[in-house]
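A short write-up of the structure that comes next.
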Amino acid sequence: KDRKTVRVVQGIPELGCQEYGDDPVEMAMIWRSENAKVIHVVDFDSSHEHSHKNFDILGEICESVIIPVEFGGGISDINDAEEALNLGAFRLVIGSLAYTNQDEFIKIFEKFGPQKISAAIDVIDNELVVKGRKEKTGILAVDYAKRLSEIGVNRLIVTDVKRNGMLEGPNINLCKDVAEITNCRVTLSGGISGYQDLIAVQNASQFGIDSVIVGRSLYENKFSCQKIWRVAESGIFD
Numbered sequence: 150k151d152r153k154t155v156r157v158v159q160g161i162p163e164l165g166c167q168e169y170g171d172d173p174v175e176m177a178m179i180w181r182s183e184n185a186k187v188i189h190v191v192d193f194d195s196s197h198e199h200s201h202k203n204f205d206i207l208g209e210i211c212e213s214v215i216i217p218v219e220f221g222g223g224i225s226d227i228n229d230a231e232e233a234l235n236l237g238a239f240r241l242v243i244g245s246l247a248y249t250n251q252d253e254f255i256k257i258f259e260k261f262g263p264q265k266i267s268a269a270i271d272v273i274d275n276e277l278v279v280k281g282r283k284e285k286t287g288i289l290a291v292d293y294a295k296r297l298s299e300i301g302v303n304r305l306i307v308t309d310v311k312r313n314g315m316l317e318g319p320n321i322n323l324c325k326d327v328a329e330i331t332n333c334r335v336t337l338s339g340g341i342s343g344y345q346d347l348i349a350v351q352n353a354s355q356f357g358i359d360s361v362i363v364g365r366s367l368y369e370n371k372f373s374c375q376k377i378w379r380v381a382e383s384g385i386f387d
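Taking my numbering, the leading residue of the sequence shown gets 150, the next gets one more, and so forth.
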């Protein structure tokens, strides 16, 4: 956000931001040096202002690390998707567009395929929320997940918004429900507070949760990186 590395409270800038550095590219290189296997990048400016002011940073990150970069934030049409992929993103995470303009999402999905296109499901009290997590839809997250799986999506990034960046522990049951109703591979996001949470997610991998996004707890040194990377080698860390 604003060309800096930040933690956004519950992913909603209006609730507050914590800066972790002035150079996202340097930060990505630090995580790579700590043996990260995938870097997850969210452009909050693009997702809330549709400005794409940070696309150049995405390109620099992709050029600076030799690991996959997963990118989300403000993808609003097929041209945005193509630009982000051309800049080097390994996989895109598309959120609101899949709900507000399903036809455009399907165009993107059909052109680039399930290996390059995943879908985000942001959830408050089991309900799907969109447009920067500000707008309720009245749709249960599991019902929306099933709709996406019927399109052919096989990777879902599921975020419990209330836990996101709050270090309150992950909502494993929500992700299990999504995985079981869709047979999709699920990436859990939100609430990871330490090593034991990673172990809890690993223990739930049999239900279809195969990876996890970790943010604040990494930046604030809530556990030793050595332990994290050992879990990473087992295949659940994203």
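For each residue, glycine too, the CB sits at the ideal point set by N, CA and C.
For the set Thr331, Asn303, Ile358, Ile341, the Cα lying nearest the Cα of Ser366 is the one of Ile341.
Membership of Leu337 in the beta strand (DSSP E) is indicated by the continuous run 334-338. Under the rule that a run must span 3 or more residues, the beta strand (DSSP E) segments found entirely inside the segment 304-366 read 304-309, 334-338, 358-362. For Asp229, the secondary structure class from DSSP, reduced to helix, strand or coil, is helix. One alpha carbon belongs to Ile300, the other to Ile255, and they sit about 8 Å apart. By the CB criterion at 7 Å, Leu277 and Tyr293 fall inside the cutoff. C-alpha of Arg181 to C-alpha of Cys211: approximately 11 Å in a straight line. One Cα belongs to Arg282, the other to Asp192, and the distance between them is close to 14 Å. When rounded, the separation of the alpha-carbon atoms in Ser213 and Tyr368 is 20 Å. Note: Asp271 is bridge-paired with Val278, Thr308 in the DSSP secondary-structure output. Distance from the CA atom of Ala349 to the CA atom of Lys371, rounded to whole angstroms, is 16 Å. The shortest C-alpha to C-alpha distance from Gly343 to any of Ala353, Val363, Leu236 is the one to Val363.
Membership of Val174 in the alpha helix (DSSP H) is indicated by the continuous run 173-182. DSSP places Val302 in the coil class of the three-state scheme, outside both helix and strand. According to DSSP, Leu241 shares a beta bridge with Phe220, Ile266. Residue burial is scored here from C-beta neighbours: Glu219 has at least 16 other C-beta atoms within 10 angstroms and is therefore classed as buried. Around the beta carbon of Ile257, 16 or more other beta carbons lie within 10 angstroms, which makes this residue buried. Ala238 and Asn203 have their C-alpha atoms some 13 Å from each other. According to the DSSP assignment, Ile188 belongs to the beta strand (DSSP E) that extends over 188-191.
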